Structure formats: C-alpha cells, structure tokens
Amino acid sequence: MDTEAATLSVAKRSKNRDALMNCLAGTVGGVGQVLTGQPFDTLKVRLQSNPSKYTGALDCMRQLVRENGVSGLYKGTTSPLIGIGACVSIQFLALERMKSYYLGKSNQPGLTGSQLFMSGGVAGLANSVASCPVEHIRGVPTLVREFFGYGVYFYAYEYLVQHTMHTKNIKRSEISPLTVCLYGGIAGISMWITLFPVDVIKTRIQTDSFANPKYKSSLDCIRKSIAESGFSGLYRGLTPCLIRAVPANAATFICFEYALRFLQNHF
C-alpha cells in the first residue's frame, strides 16, 4: 500500500508540474500574440463597430494614425496583455489535459481528428470562462463560438504537427521554428474564416450602447447588419483579420512551444 501511495503521489506531482508548465508556456504564448496582433485587432474592432466611417482597412489605419499617431495602434495594450495572457494560459492547459486524457485511453501514438477537435473545443470552452469577464459579453452565444472556433483552431495546428511527426519520423521538439510558425498561421486563418461572421456580431453587440441599445439580441443584430450592408457586411474587416492571423498565431505557437521546451529541459 505504501508503494502504491508513493506511486500515486509521484504521478500527482508530475501532473501538477506539467499543468504549471503548460500554464506558464501558455502565458508566454498569449503575450507574444498580443504584442504581434494588437495593431490588427485595433483595426478590426474599429471596422466592425463603426463600418460607415471607413472605406477599408487602409483608410481606417490612416485615420487612426493621423488622429493618434502610431501609438494609437497599441492603445489599450496593457489590459489585453493581462487578460489574453491568462486566457491563452487556460486554453493550453485545457488542451494538453484533454490530449493526455485521450492518449491515456488509446494505444495509438497520436490522436484522431475527432479527438483533436474535441480537445480544441474543450480548450475553447475553458477560454470562454476566462474571457467573459475580460470581454464583457452580453447575450452572445459565446460557448458555441468558442467550442467550434477553437476546435477548428487546435485541430488544424495539432493535425499538421502530428502529420509532420509521422511522415518525417521526428519528435515534436525537432519540428523547425519556421514550420511551427507556418502551422500556427494556418490554424489562425482556419479559425477566422470559419467564425468571422460570429465575431462581427459579437463585437457589434459588445460595443452597443447600454443606455440606448441598437440591437435587441444576436438575431436582431444579424438581421439589421444584413439589411444595412448585405451578407458581405458580416465579413467586413476580414482582410486585416486574416493578415493579423498569420503573425499573431505564429507568435502564439512558437512562444508556447519554445517556452514549454525550455521549462521541460530546465525544471
């Protein structure tokens, strides 16, 4: 019994150690994402919340820089650094826990597509719990958005990583930095193409007036947005978002992967 208890204690400490490392590496990934993607996020939100003011992404950037200088692109960065750092930390913790859970139930060296999607989806649900206080979400189907969005996001990345490991017969740690960045960019593009219309509606509801709201619900926002701008209006601001998706998500994954490798090698 003493031996069994000692074994369980060691296993628990190892699991807690892995969880802490995933959290810390996720935080580093989140910081990298914010510093790389903040200018693009600023443009995206402005285009979505006030579409009639700008003719496009370049016009939005010109007006913003003219009014506030280049620093205007980074206005309000401190809050995202804290909030997104925490959210990404929780995302990766949930993702890695789910991956470990599925690997523990399987005799295969990798995970199936559905297992990767579910792992990403659970990471998205965990993210929704962390991001709700940060984003002040009101009446938005956040859980569905986060589950499917991050399901696609992490599926794309993890599938490409697993495929590379299998075809080249290499370890995860042997995948090149450039390849990690490429796969991170692809993952980001995959998620935003899938969920951008939902994000537009979410942003418009978030930035709606509390005192005199324009939209009664998410469906009302969809109807009015289509009536005003057509279906293409639901994709307004997609271009800077896709441009942003590549460097921001490349930074997220390269920072996470290398922070995790550093922690695993030194602690």
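Be aware that the sequence shown starts at 67, since it is given in my numbering, and climbs by one per residue. Even glycine gets a Cβ: it sits at the ideal position worked out from N, Cα and C. Only a predicted model underlies this, so the values are computations on that prediction, with no experimental measurement involved.
Worksheet item: Could you give the C-beta distance for CYS247 and SER155, rounded to a whole number, given that I count them as a contact under 8 Å?
Response: For the purposes of this step, residue 247 is identified with residue 181 of the sequence shown, where counting begins at 1. For the purposes of this step, residue 155 is identified with residue 89 of the sequence shown, where counting begins at 1. Actually they do not touch by this definition, with Cβ atoms about 20 Å apart.
Worksheet item: Closest to ARG83 by CA distance: which of PHE262, GLU162, LEU209 and SER145 is it?
Response: The residue you call residue 83 lines up with position 17 of the sequence shown. Closest option to ARG83, Cα to Cα, is GLU162.
Discussion item. Measuring straight from C-alpha to C-alpha, what distance separates GLY217 and THR143?
Written reply: Translated into positions along the sequence shown, residue 217 becomes position 151. Translated into positions along the sequence shown, residue 143 becomes position 77. Taking the Cα positions, GLY217 is about 27 Å away from THR143.
Discussion item. Can you tell me where the alpha helix (DSSP H) holding THR260 begins and where it ends?
Written reply: As a working mapping, residue 260 is identified with position 194 in the sequence shown. Looking at the DSSP string, the run of the alpha helix (DSSP H) that includes THR260 is 243-272.
Discussion item. Buried or exposed, going by whether 16 or more other CB atoms sit within 10 Å of the CB of ASN315?
Written reply: Mapped onto the sequence shown, residue 315 falls at position 249. Counting Cβ neighbours within 10 Å, ASN315 comes out buried, since at least 16 surround it.
Discussion item. I need the DSSP call for LEU177, collapsed to helix, strand or coil.
Written reply: The residue given as residue 177 occupies position 111 in the sequence shown. Coil, per DSSP.
Item to complete: Name the two residues that bound the continuous alpha helix (DSSP H) containing GLU212.
Response: On the sequence shown, residue 212 is found 146 positions in, with the first residue counted as 1. Note, GLU212: alpha helix (DSSP H), 208-234.
Item to complete: Locate the alpha helix (DSSP H) running through GLY170, then write down its first and last residues.
Response: Locating residue 170 in the sequence shown gives position 104, where the first residue counts as 1. Where GLY170 is concerned, the enclosing alpha helix (DSSP H) stretches over 144-170.
Worksheet item: Using a Cβ-Cβ cut-off of 6 Å (strictly less than) and excluding sequence neighbours within five positions of PRO105, which residues of its own chain qualify?
Response: On the sequence shown, residue 105 is found 39 positions in, with the first residue counted as 1. If we look at PRO105 and ignore the five residues flanking it on each side, its Cβ neighbours are LEU139.
Worksheet item: Taking the C-alpha atoms as reference points, what is the distance between TYR223 and GLY250?
Response: Against the sequence shown, residue 223 aligns to sequence position 157. Against the sequence shown, residue 250 aligns to sequence position 184. The straight-line gap from Cα to Cα measures roughly 6 Å.
Fill in: Whole-number beta carbon distance between ILE150 and VAL100, since they are thought to touch under 8 Å
In the sequence shown, the residue the question calls residue 100 occupies position 34. In the sequence shown, the residue the question calls residue 150 occupies position 84. Confirmed, about 5 Å.
Discussion item. My output table needs one value for ASN278: the three-state DSSP class, helix, strand or coil.
Written reply: Your numbering for residue 278 matches position 212 in the sequence shown. ASN278: coil per DSSP, three-state reduction.
Worksheet item: Do the CB positions of SER284 and ILE271 come within less than 8 Å of each other?
Response: Residue mapping note: residue 284 aligns to position 218 of the sequence shown, counting from 1. Residue mapping note: residue 271 aligns to position 205 of the sequence shown, counting from 1. Their beta carbons are under 8 Å apart, which means SER284 touches ILE271 by this criterion.
Worksheet item: Going by the beta-carbon positions, is the gap between ALA91 and ALA152 smaller than 8 Å?
Response: In the sequence shown, the residue the question calls residue 91 occupies position 25. In the sequence shown, the residue the question calls residue 152 occupies position 86. No. Outside cutoff.
Worksheet entry | Enclosing alpha helix (DSSP H) for ARG128 [first to last residue] | The sequence position of residue 128 within the sequence shown is 62, counting from 1. Taken as a continuous stretch (DSSP letters only), the alpha helix (DSSP H) holding ARG128 covers 123-134.
Worksheet item: To which residues of the same chain is LEU147 closer than 7 Å at the C-beta, ignoring the five residues directly before and after it?
Response: Position 81 of the sequence shown, counting from 1, holds the residue named residue 147. Result list for LEU147: VAL97 and VAL100, in chain order.
Worksheet item: Considering ASN331, what are the terminal residues of the alpha helix (DSSP H) in which it resides?
Response: For this step, residue 331 is matched to residue 265 along the sequence shown. Unbroken alpha helix (DSSP H) run through ASN331: 304-332.
Discussion item. What does the alpha-carbon distance come out to for the pair GLU133 and TYR221?
Written reply: Reading the sequence shown from its first residue, position 67 is the one you call residue 133. Reading the sequence shown from its first residue, position 155 is the one you call residue 221. Each residue's Cα considered, the two are about 41 Å apart.
Worksheet entry | Exposure label - GLY190; buried when at least 16 CB within 10 Å | By 1-based counting over the sequence shown, the position of residue 190 is 124. Its Cβ being crowded by 16 or more others within 10 Å, GLY190 is buried.
Worksheet item: What does a CB cutoff of less than 6 Å around LYS280 pick up in its chain, not counting 5 residues either side in sequence?
Response: Here residue 280 is taken as the residue at index 214 of the sequence shown, counted from 1. Hits under 6 Å: ASP274.
Worksheet item: Tell me which same chain residues have a C-beta within less than 6 Å of the C-beta of ALA325, skipping the five on either side of it?
Response: The residue labelled residue 325 in the question sits at position 259 within the sequence shown. Contacts found: ALA91 and VAL94.
Discussion item. Do LEU113 and GLY303 have their beta-carbon atoms positioned less than 8 Å apart in this structure?
Written reply: Within the sequence shown, numbered from 1, the residue matching residue 303 stands at position 237. Within the sequence shown, numbered from 1, the residue matching residue 113 stands at position 47. Their beta carbons are under 8 Å apart, which means GLY303 touches LEU113 by this criterion.
Worksheet item: Just checking my contact of THR108 with LYS141 at CB under 8 Å: how many whole Å lie between their CB atoms?
Response: Taking the first residue of the sequence shown as 1, we reach residue 108 at position 42. Taking the first residue of the sequence shown as 1, we reach residue 141 at position 75. Contact flag correct, Cβ pair sits at about 7 Å.
Worksheet item: Is there contact here, the region 235-245 with the region 176-185, by at least three beta-carbon pairs under 8 Å?
Response: no
Worksheet item: Are TRP258 and ALA311 closer than 8 Å when you measure CB to CB?
Response: Locating residue 258 in the sequence shown gives position 192, counting from the first residue. Locating residue 311 in the sequence shown gives position 245, counting from the first residue. Yes, these two residues count as a Cβ contact at 8 Å.
Discussion item. For LYS119 and PHE276, what's the separation of their Cα atoms in angstroms?
Written reply: Taking the sequence shown and counting its residues from 1, the one referred to as residue 119 is at position 53. Taking the sequence shown and counting its residues from 1, the one referred to as residue 276 is at position 210. Straight through space, the alpha carbons of PHE276 and LYS119 are spaced by roughly 21 Å.
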